[in-house]
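> Numbering-wise (the working numbering), the sequence shown opens with residue 14 and increments by one.
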Amino acid sequence: MPLAIRKTKLIASPRWNNQFLENFAAGNLKKLRTRRKTAAENSPWWPFIHTAEQNLPNQITNFIAGKYKFEPMVTYNMPDETMLVWQYADRLMVRLLLQIIKPVFQYIISDKCFHLKGPNGVKEAISWVEKGLSLDSYRYFLRIDIKSYYASIDREILTKQISSTFNDPRLINYLSDTVNIPVLNNAAITLPSTGIARRNSLSPFYGALYLSPVDKYFEKIKGIFYVRYMDDFVILTKTKKQFCRAKKQLKKILNSLKLKYSRKKTKMGILTKGFHFLGVNFKISAPAKAEQKQAVTQIQLEKTNVGVSLHPRSAFRALDKVIDMKADSAHNADKIQLYLSRWATWWSLTSPLILRKDCLLLWIEKARVCKPGLAWLGTGLYHFCYHHSFNE
14 MPLAIRKTKL IASPRWNNQF LENFAAGNLK KLRTRRKTAA ENSPWWPFIH TAEQNLPNQI
74 TNFIAGKYKF EPMVTYNMPD ETMLVWQYAD RLMVRLLLQI IKPVFQYIIS DKCFHLKGPN
134 GVKEAISWVE KGLSLDSYRY FLRIDIKSYY ASIDREILTK QISSTFNDPR LINYLSDTVN
194 IPVLNNAAIT LPSTGIARRN SLSPFYGALY LSPVDKYFEK IKGIFYVRYM DDFVILTKTK
254 KQFCRAKKQL KKILNSLKLK YSRKKTKMGI LTKGFHFLGV NFKISAPAKA EQKQAVTQIQ
314 LEKTNVGVSL HPRSAFRALD KVIDMKADSA HNADKIQLYL SRWATWWSLT SPLILRKDCL
374 LLWIEKARVC KPGLAWLGTG LYHFCYHHSF NE
């Protein structure tokens, strides 16, 4: 049974259980059958799905015995990106691995790392930053983004982290195999030394685990604020000395992990300059006058305004989604407006300072510049919502 070492109390996963794994795999197969309408005639999905139920018991038995072997991942070259995809049977086993290790996430991953919580993790991280900024002692910030994070992960380092985190040889072997997986591209098989596949069940966990040395260092430092979502960090410090020390130590840890900052997305300096994080702008307004004519050495809570607003990039992403929906004849104006309404509502729930109407107005503004013919969709929704007493 896998054990995770982080807190004083260790917990064992009870999920190396034949019945549990068979039931979970059967549920996933049922979901996979919904692909029937979209799968191409020559898709490997067809031979997989026709033999899946027959092969499943034997696969689960081999999996529990530690004898399952993963096939090389397949490369698909798309117009805008290159994707690495698991074989369908392997995809099922990867999901089983995730179910086995999930119970011990709380003992492996820092509480200051939010992305394993899914979409709600974004809301929690944004709320956490907003609360941190409302304190009366922070003056400097580091907003860090890692350059090509998934592609830069060193497989050897990640494999060592897995070995030092778990003590079940069977689990270590499987996780190590999924990290050091060969890649099939145009009939040629290669074994890269860096990079892990995105958009699969285990990639968020690996993204969290690989940067755990950063979490472990900063969560123990008193007097600073720290939060992480995947490879995005926010660090707030009280003094310039703390700021410089945090900057130096962070660079040292990232060098040991063979990672680099993204120069375009990384920002640092005095808090009054503001920064963005997870699609939201954060802005601090410093007090206009110091009390008793003394120099301002801290941002006073009662004199500080914390500004939170939606970043334009979030509106552009929603616009791209609407453009894609418009190109699909199955999506009419009503469905697009329903999407925009839900999009604006979702962002309004991340902070009480972000209003639905402001999100819609930002989207309309960007649409008028980039796609004037679509702006009416947001305009119509805006007038409908706020002339019929809808809550902001």
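For each residue, glycine too, the CB sits at the ideal point set by N, CA and C.
Please return the same chain residues whose Cβ sits closer than 8 Å to the Cβ of K379, not counting the five positions on each side in sequence.
The sequence position of residue 379 within the sequence shown is 366, counting from 1. Around K379: P325, A328, F329, L332.
> Would you mind reading off the limits of the beta strand (DSSP E) that contains G320?
Within the sequence shown, numbered from 1, the residue matching residue 320 stands at position 307. Its beta strand (DSSP E) spans residues 318-323.
> Let me make sure I understand the geometry here. Which of D190, Y101, L362, G236 has the alpha-carbon closest to that of W59?
Sequence index remark: in the sequence shown, residue 59 carries index 46 (1-based). Out of D190, Y101, L362, G236, Y101 has the C-alpha closest to the C-alpha of W59.
> Report the option in N55, V107, S364, G79 whose CA atom is closest to the CA atom of A210.
As a first step, residue 210 must be located in the sequence shown, where it is residue number 197. Among N55, V107, S364, G79, the Cα nearest to that of A210 belongs to V107.
> Three-state secondary structure (DSSP) at N36?
Along the sequence shown, read from residue 1 onward, the residue named residue 36 stands at position 23. Reduced to three states, the DSSP call for N36 is helix.
> I'd like to know whether the C-beta atoms of L375 and I349 end up nearer to each other than 8 Å.
Within the sequence shown, the letter at position 362 stands for residue 375. Within the sequence shown, the letter at position 336 stands for residue 349. Cβ distance not < 8 Å, so L375 and I349 don't count as in contact.
> Helix, strand or coil: which one does DSSP assign to I139?
Numbered from its first residue, the sequence shown carries residue 139 at position 126. Helix at I139.
> Which same chain residues end up closer than 8 Å to D124 when comparing Cβ atoms and leaving out the 5 residues on each side of it in sequence?
In the sequence shown, residue 124 corresponds to position 111, counting from 1. If we look at D124 and ignore the five residues flanking it on each side, its Cβ neighbours are E232.
> In whole angstroms, what separates the C-alpha of N90 from that of K334?
Within the sequence shown, numbered from 1, the residue matching residue 90 stands at position 77. Within the sequence shown, numbered from 1, the residue matching residue 334 stands at position 321. Between N90 and K334, the C-alpha separation is close to 22 Å.
> In or out: V382 buried (at least 16 other Cβ within 10 Å) or exposed?
Along the sequence shown, read from residue 1 onward, the residue named residue 382 stands at position 369. Burial call: exposed.
> So within the segment 162-204, which uninterrupted beta strand (DSSP E) runs reach at least 3 residues, ignoring any that extend past its ends?
If we require 3 residues or more, the beta strand (DSSP E) runs fully inside the segment 162-204 come out as 196-198, 201-203.
> Between R168 and the rest of its own chain, which residues show a CB-CB distance below 8 Å, the 5 nearest in sequence each way excluded?
As a first step, residue 168 must be located in the sequence shown, where it is residue number 155. So the qualifying residues of the chain are V192, N193, P205, S206, T207, G208, I209.
> Does the distance from the CB of N31 to the CB of I62 come in under 8 Å?
The count along the sequence shown starts at 1 and reaches residue 31 at position 18. The count along the sequence shown starts at 1 and reaches residue 62 at position 49. For N31 and I62, no; Cβs fall outside 8 Å.
> At which residues does the beta strand (DSSP E) containing K4 begin and terminate?
Lying outside 14 to 405, the shown extent of the chain, residue 4 is not represented and no answer is given.
> Are the CB atoms of L394 and K339 within a distance shorter than 8 Å?
Against the sequence shown, residue 339 aligns to sequence position 326. Against the sequence shown, residue 394 aligns to sequence position 381. Against a cut-off of 8 Å, the Cβ pair of L394 and K339 comes out as no contact.
> Which two residues bound the contiguous beta strand (DSSP E) that contains M281?
Here residue 281 refers to the residue found at position 268 when the sequence shown is read from its first residue. It spans 280-283 - the beta strand (DSSP E) in which M281 sits, taken as one unbroken run.
> Quick one: is P132 buried, meaning 16 or more other Cβ sit within 10 Å of its Cβ, or exposed?
By one-based count along the sequence shown, residue 132 stands at place 119. P132 is exposed by the Cβ-count criterion.
> For N90, which of helix, strand or coil comes out of DSSP?
Translated into the one-based positions of the sequence shown, residue 90 becomes position 77. DSSP places N90 in strand when its eight states are reduced to three.
> Is Y219 helix, strand or coil when you go by DSSP?
Position 206 of the sequence shown, counting from 1, holds the residue named residue 219. Here Y219 sits in helix by DSSP.
> Is the beta carbon of Y242 sitting closer than 8 Å to the one on H344?
Indexing the sequence shown from 1 puts residue 242 at position 229. Indexing the sequence shown from 1 puts residue 344 at position 331. No.
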